[in-house]
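>
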Amino acid sequence: MNMQDIPTEGPELDKLNEWFEKKFEEEMKKKEAAHTPSMAIIATRGTLDWAYPPFILGSTGAALGWDVKIFFTFYGLLLLQKEMNLKVSPLGNPAMPMKMPMGPEWLQKINMPMPNAIPSLIPGFETTATALMKKTFKNKGVATIEELRELSIEADVEFVACQMTVDVFGFEHSDFIEDVSYAGAASFLPVAQKADITLFT
Amino acid sequence: MTVSLNNLVSTEVDATGLSCPLPVLKTRKAMKELASGEMLRVCSTDHGSVKDIESFCIQTGNDLVSTKEDAGIYEFLIRKS
């Protein structure tokens, strides 16, 4: 069909439009099906509780067949250490709704919000809070951070560490696991621009 | 029907007692090892896994053949596409 043969009015045009819309929708569906979703996550926190979101979402995204990259910056770098020693602090987490993970059943049912400011001054309180949270997670069948990190690597989640904060905090590349590359903001932004999902955790 | 479906199961994943996202991650790992047409049985106790396994199957294009619950244990049969 030449350009001048394309109908500009009447039922012929309606038919052409109808065909075009159908074809367009088909092609868009094909394109969508062929598209691999992608997710870019920024991990900025280094406490036991906040270590979970990036690894849970990252590993699950990869399990769904998506391309996932996690950028670790500031305290998030702690999540890349060979030996992680993550802690949870009740300070700044008022009303952390923890229950006793051990002892008699009646005790385990009582809600005891982790006290905030005052006990934080007691030496060893953070260690206790960390131990209680780890025990609770274990009881509930929640994976450890080490496990989730391992599963993420196994599922091809890419880890990128922010070189600037590595330098600022005096880390060496040898402090971190091997499955990490190093880059900066200019590497993250183009990835985020093309990603279907970008999360800041 | 149940008997014939069970005969087709080539691998099983026991995710009972495990929380999100482990049932899905373990399912993915097991699916990777299957050949097209082979069937996987997943058992879990995590209530959220009912929606999650369904979503996993839709996202990865695999066929969720059946879901059932018995005494708090969920059982999924998934056929690899």
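Chains as they are written, first to last, in the working numbering: chain A, 249 to 449; chain B, 11 to 91.
Where a beta carbon is used, it is the ideal one built from N, C-alpha and C, also for glycine.
#1: Would K278(A) pass as an interface residue toward chain B - the criterion being a Cβ-Cβ separation below 9 Å?
#2: Is the separation between the beta-carbon of T376(A) and that of S337(A) shorter than 9 Å?
#3: DSSP three-state label for A391(A), please.
#4: So, at 6 Å on beta carbons, what are the nonlocal neighbours of S76(B) in its own chain, with the 5 sequence-adjacent residues on each side left out?
#5: Are the beta-carbon atoms of L339(A) and L326(A) separated by less than 9 Å?
#6: Can you find at least 3 beta carbon pairs, one from the segment 305–322 of chain A and one from the segment 407–425 of chain A, that sit closer than 8 Å?
#7: Starting from the C-beta of I254(A), find all residues in its chain whose C-beta is less than 8 Å away, skip the five residues before and the five after it, and write them out in chain order.
#8: Among the residues of its own chain, which have a CB less than 6 Å from the CB of F66(B), if the five just before and after it don't count?
#9: State yes or no: is the C-beta of M350(A) within less than 9 Å of the C-beta of I393(A)?
#10: Distance check for V405(A) and A299(A), CA to CA, integer angstroms please.
#11: So which residues of chain A does V60(B) contact, with C-beta pairs closer than 7 Å?
#12: Which residues, in chain order, does the segment 366–392 of chain A contribute to contact with chain B at a C-beta distance below 9 Å?
#13: For T21(B) and chain E, any beta-carbon pair shorter than 9 Å?
#14: Under a Cβ-count criterion, where at least 16 other Cβ atoms within 10 Å of its own Cβ denotes burial, should V416(A) be classed as buried or exposed?
#15: Using 8 Å for Cβ pairs, my map puts L328(A) next to I425(A). What's the rounded Cβ distance?
#16: Measure the alpha-carbon distance for K347(A) versus E79(B) and round it to whole angstroms.
#17: Could you list the residues in the segment 290–314 of chain A with a C-beta less than 7 Å from some C-beta on chain B, going in chain order?
#18: Contact between the segment 16–25 of chain B and the segment 46–55 of chain B: three or more CB pairs below 8 Å?
#19: Note down, in chain order, all residues in the segment 23–47 of chain B with a beta-carbon under 8 Å from any beta-carbon belonging to chain A.
#20: Please decide whether E266(A) counts as near chain B, where near means a Cβ-Cβ distance under 9 Å.
Considering the structure as presented:
#1: no
#2: no
#3: coil
#4: L87
#5: no
#6: yes
#7: L264
#8: V34
#9: no
#10: 15 Å
#11: Ordered by position in chain A, no residue passes the 7 Å Cβ test against V60(B), which lies about 16 Å from the chain.
#12: F385, K388, G389, V390, A391
#13: Of the protein chains in this structure, namely A and B, none is chain E.
#14: exposed
#15: 6 Å
#16: 29 Å
#17: I304, S307, T308, A311, L312, G313
#18: yes
#19: G27, L28, S29, C30, P31, L32, V34, L35, T37, R38, K39
#20: no
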